[in-house]
Amino acid sequence: MRTIIISVLVLLCITDISKAQKPYIKDATVEEQLEFVEKEASKWQNYIMVFDTWFRQLKNNVNNTISEKN
Numbered sequence: 000m001r002t003i004i005i006s007v008l009v010l011l012c013i014t015d016i017s018k019a020q021k022p023y024i025k026d027a028t029v030e031e032q033l034e035f036v037e038k039e040a041s042k043w044q045n046y047i048m049v050f051d052t053w054f055r056q057l058k059n060n061v062n063n064t065i066s067e068k069n
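Residue numbers (numbering that gives the first Met the number 0): 0 to 69.
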């Protein structure tokens, strides 16, 4: 029984790690990036959790787009 529990825990950890390593789409439009972040973010109750690296990349891309428009 203990072996089964440990195996399940290892499998869950591997599953989380594989999702965490999904690459961010850098060469997409701002709208496509927002849709990607919304789709791939983890949801918990009324919160959406976004990887910090995705948020920083999206923020930089939005700021660059705004700067180019001005």
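Glycine included, C-beta positions come from ideal geometry on N, C-alpha and C.
Item                                                                                          : Value
Strand pairing of Lys58, partner residues [DSSP]                                              : Beta-bridge pairing links Lys58 to no other residue.
Cβ-Cβ distance between Thr36 and Val49 below 8 Å                                              : The displayed chain sequence assigns Val, not Thr, to residue 36. Their beta carbons are under 8 Å apart, which means Val36 touches Val49 by this criterion.
Proximity to Glu34 [Cα-Cα], best of Trp53, Asn45, Ile3 and Asn69                              : Trp53
Close beta carbons around Ser41, own chain, < 7 Å, minus the five adjacent residues each side : Met48
Residues near Thr2 by beta carbon distance below 7 Å, same chain, minus five either side      : none
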